[in-house]
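Letter by letter, the sequence shown follows residues -7 to 211 in the working numbering.
Contents: one structure, followed by commentary.
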Amino acid sequence: MDISVKICGLKTDRALEAALSGGAAYVGFIFFPKSPRHITLEDASRLCALARGRAQSVAVSVNADDSMLESIVTKVQPDILQLHGSESPERLAAIKRRFGLPVIKALAIRDRADLALVDPYRGIADRFLFDAKPPVGSDLPGGNGVSFDWTVLSGLDSDIDYMLSGGLNAGNIATALNQTKANNIDVSSGVESAPGSKDISLIAEFFEAVAAARQRLSA
């Protein structure tokens, strides 16, 4: 079973190298000032250049306007845009037309009824990212370290390309993969020692856990 890993919320050379050395297919950079993982355009540009040719870079924004997206695309030159706010299908289509990049649309999931959120974006989003709904009072749409009931994804149409996110870590990734059979996974807070502070050992442990789970699923 092929499983692609995205390490999101990277801010330092050391964490980026740990992600790349572990085999990350995607590296994510967050442009959202309220997030402890927020990165400047200058730092992201440098890290993105280091990752080029080794992993695809994903620029994560939340309800960003065209001016902000223009700055991200021009200065950072990401491979993919991830929209983690309340962007409408029409907004997604407009962003794809303007910037010519693949777009991941993040959707917050709690129960099976939330899978209906996918339908308006089908044929527009290149991939979905399913994250847990944020806890009450959180200012962050993602990166809250909480998961959702992964079994609800059994009701998802088999042709939906998605990335599993939300509270994943080395301790639960085997269960998550067993329940969802997801081919793409995203982790951020699950490899941190504190909000926004990536832990090199936790990144290594996560990749080891993914490798072990992949081997069991392929057996």
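Note that CB positions come from ideal geometry on N, CA and C, so glycine has one too.
Everything numeric in this text was worked out from a predicted model, so none of it was measured.
- Item | Secondary structure of Val54, DSSP reduced to three states | coil
- Range of the contiguous alpha helix (DSSP H) that encloses Ile195: Ile192 to Ser210
- Query: Under 8 Å, do Lys190 and Val179 count as touching if we go by C-beta distance?
  - Reply: no
- Task: Can you give me the Cβ contacts of Leu148 inside the same chain, cut-off strictly under 8 Å, excluding the 5 residues immediately before and after it?
- Result: Leu107, Val110 and Tyr154
- Simplified DSSP state of Gly134, which is helix, strand or coil: Note that Gly134 scores 49 on pLDDT, short of 50, meaning its location in the model is unreliable and no value can be drawn from it.
- In whole angstroms, what is the alpha-carbon distance linking Ile96 and Thr66? 19 Å
- Assuming Ile254 contacts Arg29 under a Cβ cut-off of 8 Å, what Cβ separation, rounded to an integer in Å, is found between them? Outside the displayed span of the chain (-7 to 211) sits residue 254, for which this structure offers no information.
- the segment 88 to 105 touching the segment 31 to 43, judged by at least three CB pairs closer than 8 Å: no
- List the whole-angstrom C-beta distance separating Phe122 from Ser80, where the pair is believed to meet the contact cut-off of C-beta under 8 Å. Contact doesn't hold; Cβ gap of about 18 Å is too wide.
- Message: Considering only their Cβ atoms, is the gap separating Phe23 from Ala56 smaller than 8 Å?
- Response: yes
- Message: With three or more C-beta pairs closer than 8 Å as the rule, is the segment 39 to 47 touching the segment 162 to 169?
- Response: no
- Query: Considering only the beta carbon of each residue, do Leu160 and Ser139 sit closer than 8 Å?
  - Reply: yes
- Message: Rounding to the nearest angstrom, what Cα-Cα distance links Ile64 and Ala211 in this structure?
- Response: 42 Å
- Straight-line Cα distance separating Pro94 from Asp71: 7 Å
- Task: Given a cut-off of 8 Å, decide if Ile101 and Glu124 are closer than it, judged by their beta-carbon atoms.
- Result: It should be noted that the sequence gives Ala, not Glu, for residue 124. Closer than 8 Å, so yes.
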